[in-house]
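Just below is one structure, and these are the notes that go with it.
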Amino acid sequence: MKVLVTGGLGFIGSHTVVELQNEGFDVVIVDNLSNSSEEVLKGIVAITGKLPIFEKLDLRDKKSVQDFFQKHNDVKGVIHFAASKAVGESVENPLLYYENNIAALVYILQELEKKEEANFIFSSSCTVYGQAEVMPITENAPVQTAMSPYGNTKQIGEEIITEVTRVSNINAILLRYFNPIGSHPSAEIGELPLGVPQNLVPFITQTGFGLRKELSVFGDDYPTPDGTAIRDYIHVVDLAKAHVIALQRLLNKKNVEKVETFNLGTGKGSSVLEVIKSFEKVSGKKLPYKICPRREGDITEAYANTDKANNVLGWKAKSTLDEAMASAWKWEQKIRS
Ligand code: NAD
108 MKVLVTGGLG FIGSHTVVEL QNEGFDVVIV DNLSNSSEEV LKGIVAITGK
158 LPIFEKLDLR DKKSVQDFFQ KHNDVKGVIH FAASKAVGES VENPLLYYEN
208 NIAALVYILQ ELEKKEEANF IFSSSCTVYG QAEVMPITEN APVQTAMSPY
258 GNTKQIGEEI ITEVTRVSNI NAILLRYFNP IGSHPSAEIG ELPLGVPQNL
308 VPFITQTGFG LRKELSVFGD DYPTPDGTAI RDYIHVVDLA KAHVIALQRL
358 LNKKNVEKVE TFNLGTGKGS SVLEVIKSFE KVSGKKLPYK ICPRREGDIT
408 EAYANTDKAN NVLGWKAKST LDEAMASAWK WEQKIRS
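Sequential numbering of the sequence shown, starting at 108, is according to our numbering.
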């Protein structure tokens, strides 16, 4: 069974390709290498023993997307990771984000709409909830006005998919990720941030390795037990496995609605200081950090209610924060050696 994974050489995409191949799927990766490298294919082969098909193309090019679906007309499912994801950059250059995250999505859906049957999985984010009033956050929590063009592309993307499924043969699952971290336990693939990492964990591992002087902890005066902000950190391998389960749900026609939405998190919130402690525990290193003022736009806390993913999707995150941090640290050491 052939599956298209857009952005399949990226962080979450590459881990999902591994899990798909482990389950026997034939994977075609589309990626323009804007935030990844062809080297990732070697890591995938090292883990699975199988080279996925790779088509280097830019999904912003409508003709390339049309040609791709003509060539691979036997694709049974699409998992759409390809997108730009830097919140700050999206504020500086909103149109880049609307083109890459929305225009490309539309071009793919236009091709899927022509099919008798199509299955589509979309990378959404817990950013759609903003600062939710109730913790843990259920899928029914209201979607709040986005705080950045990036966040807005996830909300608009969800809306476009919902509207298109109403009038087409496309069935879709929207997966709202909390905070993906870690790497494959083999350290053959992992997160490869370009430049200064935007996310906490790669910043921690780079600081632990001595590439950065110290970590800035933004705010220790939040209304949380230790004053630092709380997030739900999920191991990327757990997250990847959820995509395979979601795809099988659509392929086996087990979905009860044309569009279903699931939170993907652990259900447990961890503060920035707890993440630092976990890193120090698994690495045996002391992490230099300083407390800075809160960063504009940061919310106090977000962690998932995972009941729907557990009970309806039949998926549950298994890894602990320490396991995820240990894998992130192993990966950092591997890429620097
Ligand atoms: P990533 O940048 O590592 O992977 C995205 C991949 O898509 C890259 O390999 C990039 O080269 C490719 N790509 C981008 N634009 C493309 C285009 N026009 N044509 C072809 N390929 C293109 O990002 P990731 O962390 O793996 O995130 C995957 C998805 O999950 C994204 O949609 C992101 O918004 C979403 N998401 C990520 C997080 C996170 O913290 N990592 C959280 C929530 C949601």
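The beta carbon of each residue, even a glycine, is placed where N, CA and C say it ideally should be.
Buried or exposed: where does residue i fall if 16 or more other Cβ atoms within 10 Å of its Cβ makes it buried?
i    : result
P400 : exposed
T252 : exposed
R273 : exposed
R443 : exposed
R402 : exposed
G115 : buried
E298 : buried
G317 : exposed
N247 : exposed
E367 : buried
I160 : exposed
E126 : buried
D405 : exposed
E192 : Strictly speaking, residue 192 in this sequence is Lys, with Glu absent from that position. Flag for K192 reads buried.
Q128 : buried
G131 : exposed
K348 : buried
L301 : exposed
Leaving out five residues before and five after residue i in sequence, what residues of the same chain have Cβ atoms less than 7 angstroms from its Cβ?
i    : result
E355 : In the sequence as displayed, the identity of residue 355 is Gln instead of Glu. Excluding sequence neighbours, Q355 sits near nothing in its chain.
G421 : I352
E321 : T314, P395, Y396 and K397
L219 : V185, A225, F227 and I277
E408 : M242, T331, A336, I337 and G376
I151 : S121, V124, V125, P159 and I296
K169 : Y214
So, with DSSP's three-state summary, where would you put residue i?
i    : result
F316 : helix
A291 : Note on residue identity: the sequence assigns His, not Ala, to residue 291. Note: H291 maps to coil in three-state DSSP.
R356 : helix
T269 : helix
N278 : strand
T260 : helix
G117 : coil
V182 : strand
A225 : strand
I209 : helix
Y236 : helix
T368 : strand
L111 : strand
E246 : coil
F176 : helix
L420 : helix
K163 : strand
D133 : strand
A193 : coil
S378 : strand
A153 : helix
Y329 : coil
For residue i, collect the residues of the same chain with a Cβ closer than 8 angstroms to its Cβ; drop the 5 residues on either side in sequence, then sort them by chain order.
i    : result
Q313 : P304, R319 and E439
T245 : N370, N412, D414 and K415
E387 : K393 and L394
G374 : P243, D339, Y410, A411, N412, T413 and A424
L203 : S191, E196 and S197
What residues in its chain sit with their C-beta under 6 angstroms from that of residue i, if we drop five residues either side in the sequence?
i    : result
K423 : N417
G334 : D327 and D328
H179 : V135
A153 : E295
S426 : H342 and D345
A211 : L166 and R167
K437 : A294
D133 : K109
N139 : D165
V235 : V250, K261 and Q262
L111 : V135, V182 and V185
Taking 8 angstroms as the CB-CB limit, is residue i close to chain B?
i    : result
N180 : The structure shown contains no chain B; it holds only a single protein chain.
Rounded to a whole number of angstroms, what is the C-alpha to C-alpha distance between residue i and residue j?
i    : j    : result
Y340 : L358 : 29 angstroms
K183 : S434 : 32 angstroms
A189 : S144 : 14 angstroms
V363 : V194 : 33 angstroms
L164 : S141 : 10 angstroms
L158 : D181 : 18 angstroms
P256 : F285 : 18 angstroms
P249 : N207 : 26 angstroms
I215 : K222 : 12 angstroms
I209 : K365 : 20 angstroms
K361 : A239 : 30 angstroms
P309 : A279 : 31 angstroms
F175 : C233 : 31 angstroms
T113 : G237 : 26 angstroms
G372 : L281 : 14 angstroms
L380 : V137 : 38 angstroms
S378 : E265 : 29 angstroms
Hey, would you say the C-beta of residue i is under 7 angstroms away from at least one heavy atom of the ligand ATP?
i    : result
N142 : Although the ligand ATP was asked about, the structure shown includes only the ligand NAD as ligands.
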